[in-house]
Amino acid sequence: MTVRILDGRAIGRAIRTRITIDVDELTRFAGVVPGLAVILIGGDPASRVYVTNKMKACVDVGIRSTLIEYPDDVPAEVLIESIRRLNEDPVTHGILVQLPLPPHHDVRAVLHTISVEKDVDGFHLYNVGGLVVGDTIFSPCTPFGVMKILDHAHIPLEGRNVTIVGASNIVGKPMALMMMRRDATVAVCHAKTRDVAQYTILADILVVAAGVPNLILPQMVRTGAVVIDVGINRLPDGRLVGDVDFEGVSRKASFITPVPGGVGPMTVTMLLVNTLSAARRFVERTRGPILPPAHSEDIT
Ligand code: NAD
51 MTVRILDGRA IGRAIRTRIT IDVDELTRFA GVVPGLAVIL IGGDPASRVY
101 VTNKMKACVD VGIRSTLIEY PDDVPAEVLI ESIRRLNEDP VTHGILVQLP
151 LPPHHDVRAV LHTISVEKDV DGFHLYNVGG LVVGDTIFSP CTPFGVMKIL
201 DHAHIPLEGR NVTIVGASNI VGKPMALMMM RRDATVAVCH AKTRDVAQYT
251 ILADILVVAA GVPNLILPQM VRTGAVVIDV GINRLPDGRL VGDVDFEGVS
301 RKASFITPVP GGVGPMTVTM LLVNTLSAAR RFVERTRGPI LPPAHSEDIT
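If you count by our numbering, then the sequence shown holds residues 51 to 350, one letter each, in order.
Structure below.
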């Protein structure tokens with residue numbers, strides 16, 4: 051079987067080119083530059099790298115980004131008050147709190163303080179619940195990016211068996227809901243699942259987001275399956291790998307995402323899509339529906 055590589059970098063680049071045009075049009079048309087506020091708490095090096103990447107991506111497409119940093123021990127009230135101020139700030143259209151938070155913070159309270167209209171990570175209860183009934187404003191960036199990759203490759207979802215390995219609130223669960231809304235038949239596995247392979251082997255489309263290197267071996271994958279590897283793991287020798295045995299599984303899959311260069315760049319791209327959309331919604335809310343359609347919206 052000849053495998054095709056789903057190149058998240060290339061798909062992301064195409065979408066970002068269109069976002070650049072949309073940002074420029076919004077600025078010329080409405081005098082509004084989309085603005086993203088990023089809150090980073092504590093000194094976790096991985097979080098800092100993610101934040102730097104996101105902010106650089108903003109700069110590249112013309113989105114204004116602002117970093118707000120707090121030490122590990124910032125009092126909860128200070129953090130909440132800072133988010134409330136950003137909720138009211140007319141030049142901030144999106145707010146992102148980099149996760150994970152240091153353990154003593156109440157992550158739910160923090161995320162639910164973010165205004166639904168500025169929740170560009172899609173983690174507010176309204177946006178999470180919206181995934182069930184279809185009224186979401188912003189979809190969580192990683193599963194949203196996976197959907198874009200599949201749509202870009204014209205991989206049908208309706209009626210197909212989708213197995214998701216990993217059931218976190220930010221990847222696995224929203225992924226399952228998004229697949230169900232597209233009429234896929236979905237199985238979700240997690241760390242307590244007995245015999246993960248009995249589910250993965252049935253999958254036409256396998257999405258893996260567990261954070262365990264080499265979790266998915268070739269004998270667990272159906273010939274011709276589409277394999278999406280969300281995992282990002284740093285090995286002791288410094289290499290970055292996903293959750294899938296890429297070489298082995300590539301011999302059986304019809305499509306596969308690499309790590310790095312698959313889902314990761316799409317996650318950042320979808321953050322840009324959501325921030326642009328938040329700024330457009332702000333303009334439409336405050337001045338009426340005057341905007342031409344965004345070019346980046348019709349990219350699949
Ligand atoms: P998490 O730790 O919150 O959740 C992991 C999930 O995997 C849990 O549901 C757990 O039960 C399940 N799991 C763990 N071990 C398992 C096993 N042996 N078999 C089956 N299920 C198992 O993690 P997360 O935040 O969802 O992230 C998952 C992975 O995806 C990590 O490697 C993370 O770095 C990566 N990630 C990548 C992106 C991206 O943009 N590519 C975005 C978010 C997360």
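Yeah, the Cβ is synthetic: ideal placement off N, Cα and C, and Gly gets one too.
Spatially closest choice to LEU200 from LEU56, VAL124, MET51 and GLU347, by CA coordinates = LEU56
Extent of the continuous alpha helix (DSSP H) to which ASP72 belongs | 58–80
Hey, would you say the C-beta of ILE199 is under 8 Å away from at least one heavy atom of ligand 2?
-> In terms of ligand content, the structure shown lacks ligand 2 and carries ligand 1 instead.
Near ILE71, what residues of its chain come up, given a Cβ to Cβ distance below 7 Å and the 5 sequence neighbours on each side ignored?
-> HIS345
Contact check, ARG114 vs VAL83, beta carbons under 9 Å | yes
Counting Cβ pairs closer than 8 Å, one from the stretch 117–135 and one from the stretch 145–160, do we hit at least three?
-> yes
ASP279 lies in the alpha helix (DSSP H); which residues open and close that run?
-> From DSSP, ASP279 is part of no alpha helix (DSSP H) but of the beta strand (DSSP E) over 276–279.
With a Cβ-Cβ cutoff of 9 Å, do GLY144 and LEU321 count as a contact?
-> yes
On the DSSP bridge assignment, give the partners of SER115 in chain order.
-> LEU86
Flag ASP245 as yes when its Cβ comes closer than 8 Å to any non-hydrogen atom of ligand 1, and as no otherwise.
-> no
Count the other CB atoms, across all protein chains shown, that sit within 10 Å of the CB of ASP245; report buried if there are 16 or more and exposed otherwise.
-> exposed
Check whether the Cβ of CYS108 lies closer than 8 Å to any heavy atom of ligand 1, and answer yes or no.
-> no
Could you tell me if the beta carbon of ALA259 falls within a distance shorter than 8 Å of some heavy atom in ligand 1?
-> yes
On the three-pair Cβ rule with 8 Å, is the stretch 206–223 touching the stretch 255–267?
-> yes
VAL221 beta carbon less than 9 Å from that of PRO193 | yes
Exposed or buried, what is MET197 when buried is set at 16 or more other beta-carbons lying within 10 Å of its beta-carbon?
-> buried
Taking just the CA atoms, how far does ALA87 sit from THR116?
-> 5 Å
Whole angstroms is fine: what's the gap from LEU175's alpha carbon to ILE266's?
-> 32 Å
Does at least one heavy atom of ligand 1 sit under 8 Å from the Cβ of LYS104?
-> no
Is it true that the CB of ALA260 sits closer than 9 Å to the CB of ASP293?
-> yes
Among TYR120, GLY92 and THR142, which one has its Cα closest to the Cα of PHE332?
-> THR142
If you run the structure through DSSP and keep just helix, strand and coil, what is PHE305?
-> strand
If you count every other CB in all the chains shown that lies within 10 Å of the CB of ASP171, and 16 or more means buried, which is it?
-> buried
Reference LEU151, options ASP169, ASN137 and ARG98, closest by Cα | ARG98
Going by the C-beta, is THR281 closer than 8 Å to any heavy atom of ligand 1?
-> Looking at the sequence itself, residue 281 is Gly, so the reference to Thr does not match. Yes, the beta carbon of GLY281 sits closer than 8 Å to at least one heavy atom of ligand 1.
Along the alpha helix (DSSP H) that carries THR163, what are the first and last residues, could you check?
-> 157–163
Helix, strand or coil: which one does DSSP assign to GLY144?
-> strand
In whole angstroms, what is the alpha-carbon distance linking CYS191 and THR317?
-> 5 Å
Proximity test, HIS143 beta-carbon vs ligand 1 heavy atom, cut-off 8 Å = no
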